[in-house]
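Asker:
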Amino acid sequence: MDLANQNESRDKMASNSYRTLRSLARELKLIYKKKDMCEVPVYAYVQEQFRNFQVTGEKMCRARQEAEHLAQTYLCYLESTRKHEAISAHYRGKGERSVESSANIVGLKLPKLYSEETAQKSPEH
Amino acid sequence: MASTFKNIFQTCFILRNKVILQSAEKTKLKTISVYSNHCLSFTRCLHNPRELKKFYKNATVVSADGWFEINLDRKKLRTPHGNIFKVPSEPLALAIATEWNSQEKLVNRHTMHLTVLSNTALENPTHKTREQLTSNIIHFLETDTVCYRLNEPPELEKLQKTKWDPIIEWAVNRHGLEITPTYSMAPPIVSPESKEIVRRHLLSYSDWALFGYHYAVDCIKSLLIIMALVDKQIDVDTAVELARLEQEFQTKKWGSVEWYHDIELYELRCRLSAAMLFVHWCCESTTIKQKATLPSF
Numbered sequence: 001m002d003l004a005n006q007n008e009s010r011d012k013m014a015s016n017s018y019r020t021l022r023s024l025a026r027e028l029k030l031i032y033k034k035k036d037m038c039e040v041p042v043y044a045y046v047q048e049q050f051r052n053f054q055v056t057g058e059k060m061c062r063a064r065q066e067a068e069h070l071a072q073t074y075l076c077y078l079e080s081t082r083k084h085e086a087i088s089a090h091y092r093g094k095g096e097r098s099v100e101s102s103a104n105i106v107g108l109k110l111p112k113l114y115s116e117e118t119a120q121k122s123p124e125h
Numbered sequence: 126m127a128s129t130f131k132n133i134f135q136t137c138f139i140l141r142n143k144v145i146l147q148s149a150e151k152t153k154l155k156t157i158s159v160y161s162n163h164c165l166s167f168t169r170c171l172h173n174p175r176e177l178k179k180f181y182k183n184a185t186v187v188s189a190d191g192w193f194e195i196n197l198d199r200k201k202l203r204t205p206h207g208n209i210f211k212v213p214s215e216p217l218a219l220a221i222a223t224e225w226n227s228q229e230k231l232v233n234r235h236t237m238h239l240t241v242l243s244n245t246a247l248e249n250p251t252h253k254t255r256e257q258l259t260s261n262i263i264h265f266l267e268t269d270t271v272c273y274r275l276n277e278p279p280e281l282e283k284l285q286k287t288k289w290d291p292i293i294e295w296a297v298n299r300h301g302l303e304i305t306p307t308y309s310m311a312p313p314i315v316s317p318e319s320k321e322i323v324r325r326h327l328l329s330y331s332d333w334a335l336f337g338y339h340y341a342v343d344c345i346k347s348l349l350i351i352m353a354l355v356d357k358q359i360d361v362d363t364a365v366e367l368a369r370l371e372q373e374f375q376t377k378k379w380g381s382v383e384w385y386h387d388i389e390l391y392e393l394r395c396r397l398s399a400a401m402l403f404v405h406w407c408c409e410s411t412t413i414k415q416k417a418t419l420p421s422f
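As given, the protein sequences belong to chains A and B, one line each in that order.
First residue of the first sequence? That's 1 in the working numbering, and the numbers climb one at a time after it.
First residue of the second sequence? That's 126 in the working numbering, and the numbers climb one at a time after it.
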């Protein structure tokens with residue numbers, strides 16, 4: 001592989017890992033809702049890991065792949081948990097339907113029920 | 126004293142009756158909640174045992190004796206049996222703290238897969254030994270998803286070949302397994318030597334990692350895909366796609382239903398990625414320990 005090609009693939013890898021880092025930061029921000037993310041221990045840990053493996057990443061060693069794979073897995077975990085929550089909240093049942101609304105579904109109406117108020121009102125009419 | 130409270134606790138729990146709750150004196154209730162420390166917020170739990178309101182503001186990680194514990198405000202997180210919750214690796218503890226921090230008004234314990242896995246590994250509620258766990262995992266190899274093929278429709282047959290064959294090829298080259306896919310009701314042919322190879326490979330993992338491994342294999346019913354995933358040959362998205370290959374083929378043809386297919390897809394991804402993180406972090410910690418105990422020459 002010539003040098004230009006090698007540089008290109010290295011850049012691609014670096015940009016890939018930065019993209020993962022940015023997405024991880026976004027997901028963590030959604031959870032912690034703080035302005036200063038550096039105070040959050042998880043984010044500090046993630047950043048430290050990325051910094052540690054930045055140097056070895058140039059040599060394409062095994063740890064780099066491991067670190068990146070791990071970061072992507074964690075990103076997948078955070079993302080899919082959030083999406084799963086969102087979809088299930090959207091489709092969650094709101095408890096049992098009332099008799100009236102279940103009748104409504106099939107296009108039926110319930111007859112008016114007897115109650116004392118209506119019974120008292122009716123002789124006045 | 127304790128037994129009477131236990132009785133009250135049980136009756137309250139079975140009847141789930143508000144009247145009992147109201148009639149019980151407040152002081153008694155306090156003592157009950159101290160007694161039943163495994164249910165972190167017992168009085169709230171009684172109202173609706175499925176729901177647990179978020180009763181803390183911040184979850185943090187503390188280290189103690191080489192283990193990592195979770196603090197919810199100032200209380201220690203406990204396992205369902207009332208022991209102190211602890212994990213062997215720092216990143217795992219951080220991820221679990223994030224899990225607790227990500228809860229909003231209610232604590233949805235069924236979505237906290239890392240906590241659930243750690244609880245299982247800590248207390249081993251089904252009393253499984255290492256050998257039982259490994260043989261349970263190997264059992265999935267005998268009916269592995271990627272070994273059950275279909276002849277028709279021909280597009281699906283082709284898809285299965287192009288997607289699943291590389292996984293089997295990888296297993297053959299990497300571990301020297303002998304496994305032949307099946308096109309009928311008969312189970313695929315797996316040689317006894319292959320099972321032995323897999324058994325030895327699995328036994329090299331720590332106890333905690335084995336629980337994660339079992340959880341992962343149980344999710345997608347395929348040992349070969351999980352082996353490739355743990356070896357970092359594929360990522361989680363691909364693994365889930367491979368496991369639901371036929372379903373994905375059918376939904377492309379007949380349409381996907383969001384409240385079934387998408388929920389299932391995300392849930393599988395959650396479970397699988399949680400299990401992978403768990404396996405990785407639990408392996409990592411054991412290797413670090415081994416290095417520390419090496420005798421100096």
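Beta carbons are placed, not taken as given, at the ideal position from N, Cα and C, and that holds for glycine.
#1: Who does Ala184(B) pair with in a DSSP beta bridge?
#2: Can you look up Leu354(B) in the DSSP assignment and give me helix, strand or coil?
#3: Indicate the three-state DSSP secondary structure (helix, strand or coil) for Ser161(B) in the structure shown.
#4: Compare the C-alpha of Thr399(B) against each of Thr376(B), Lys378(B), Glu383(B) and Tyr340(B) and name the closest.
#5: Kindly list the residues whose CB is nearer than 6 Å to the CB of Phe255(B), restricted to its own chain and excluding five residues on each side of it in sequence; keep chain order.
#6: Report the start-end ranges of each alpha helix (DSSP H) in the region 250-297 of chain B that is 4 residues or longer and not cut off at the edges.
#7: In this structure, what does DSSP give as the bridge partners for Ala189(B)?
#8: What separation, rounded to the nearest whole angstrom, lies between the Cα atoms of Arg394(B) and Ala71(A)?
#9: Who pairs with Arg203(B) in a beta bridge, going by DSSP?
#10: Going by C-alpha to C-alpha distance, which of Ala44(A), Gln65(A), Val42(A) and Glu85(A) sits closest to Phe53(A)?
#11: Terminal residues of the continuous alpha helix (DSSP H) containing Val108(B)?
#12: If we count the other Cβ atoms within 10 Å of its Cβ and call it buried at 16 or more, is His235(B) buried or exposed?
#13: Answer with yes or no whether the minimum CB distance from Gln47(A) to chain B is below 7 Å.
#14: What does DSSP give as the partner residues of Ile304(B) in its beta bridges?
#15: How long is the line joining the alpha carbons of Asn104(A) and Pro111(A), rounded to whole angstroms?
#16: For a cutoff of 7 Å on Cβ pairs, would you count Ile105(A) as touching chain B?
#17: With a floor of 4 residues, list each alpha helix (DSSP H) that falls wholly inside the region 98-122 of chain A, ordered by position along the chain.
#18: Only counting the same chain, and skipping five residues up and downstream in sequence, which positions put a Cβ closer than 8 Å to that of Glu215(B)?
#19: Please work out which residues of its chain come closer than 8 Å, Cβ to Cβ, to Leu275(B), disregarding the five sequence neighbours upstream and downstream, and give them in chain order.
#20: In angstroms, rounded to a whole number, what distance separates the CA positions of Asn244(B) and Asn183(B)?
#21: I need the straight-line Cα distance from Ser115(A) to Ser98(A), nearest angstrom please.
#22: Between which two residues does the alpha helix (DSSP H) harbouring Trp384(B) extend?
#23: By alpha-carbon positions, which one of Ile350(B), Lys357(B), Asp356(B) and Phe374(B) ends up nearest to Val365(B)?
#24: So, helix, strand or coil for Ala364(B), using DSSP?
#25: Leu70(A) touches chain B at which residues, Cβ-Cβ below 8 Å?
#26: Answer yes or no: do Gly301(B) and Phe403(B) have a C-beta to C-beta separation smaller than 7 Å?
#27: Here's the rule I'm using: 16 or more other beta-carbon atoms within 10 Å means buried, otherwise exposed. How should Tyr43(A) be labelled?
#28: Spell out whether any CB of chain A is found under 7 Å from the CB atom of Trp384(B).
#29: Taking the continuous alpha helix (DSSP H) assigned at Cys344(B), which residues delimit it?
#30: For Ile262(B), which residues in the same chain have their Cβ closer than 7 Å to its Cβ, ignoring the five residues on either side in sequence?
#31: Under 7 Å, Cβ to Cβ, is there at least one residue of chain B near Tyr18(A)?
#32: Find out if the Cβ-Cβ distance for the pair His264(B), Arg396(B) is shorter than 7 Å.
#33: Spell out whether any CB of chain B is found under 7 Å from the CB atom of Tyr114(A).
#34: Look up Leu231(B) in the DSSP assignment and say whether it is helix, strand or coil.
Answerer: Concretely, from the data shown:
#1: Leu197(B)
#2: helix
#3: Residue placement at Ser161(B) cannot be trusted, given a pLDDT of 40 that sits under 50; what the coordinates show is reported in the next sentence. Ser161(B) falls in the coil class under three-state DSSP.
#4: Here residue 399(B) is Ala; the residue named in the question, Thr, does not match the sequence. Of the candidates Thr376(B), Lys378(B), Glu383(B) and Tyr340(B), the one whose C-alpha sits nearest the C-alpha of Ala399(B) is Tyr340(B).
#5: The displayed chain sequence assigns Arg, not Phe, to residue 255(B). Answer for Arg255(B): no residue qualifies.
#6: 255-267
#7: Trp192(B)
#8: Cα to Cα, Arg394(B) sits roughly 15 Å from Ala71(A).
#9: Ile209(B)
#10: Nearest neighbour of Phe53(A) by Cα position, chosen from Ala44(A), Gln65(A), Val42(A) and Glu85(A), turns out to be Gln65(A).
#11: Past the boundaries of the shown model lies residue 108(B); chain B is included only from 126 to 422, so the question cannot be answered.
#12: Burial check for His235(B): the Cβ neighbour count within 10 Å stays below 16, so the residue is exposed.
#13: no
#14: Val315(B)
#15: 12 Å
#16: no
#17: For the region 98-122 of chain A, whole alpha helix (DSSP H) runs of length 4 or above, ordered along the chain, are 99-105.
#18: Val186, Ser188 and Phe193
#19: Leu281, Glu282, Gln285, Tyr308 and Glu371
#20: Distance between the alpha carbons of Asn244(B) and Asn183(B) is about 20 Å.
#21: 18 Å
#22: If you look at Trp384(B), you'll find it isn't in any alpha helix (DSSP H); DSSP assigns it neither H nor E.
#23: The shortest C-alpha separation from Val365(B) is found at Ile350(B).
#24: Three-state result, Ala364(B): helix.
#25: Leu402 and His405
#26: Not in contact: Gly301(B) and Phe403(B) (Cβ atoms no closer than 7 Å).
#27: buried
#28: yes
#29: Asp332 to Ile345
#30: Leu327, Tyr338, His339, Val342 and Leu348
#31: no
#32: Cβ atoms of His264(B) and Arg396(B): not closer than 7 Å.
#33: no
#34: strand
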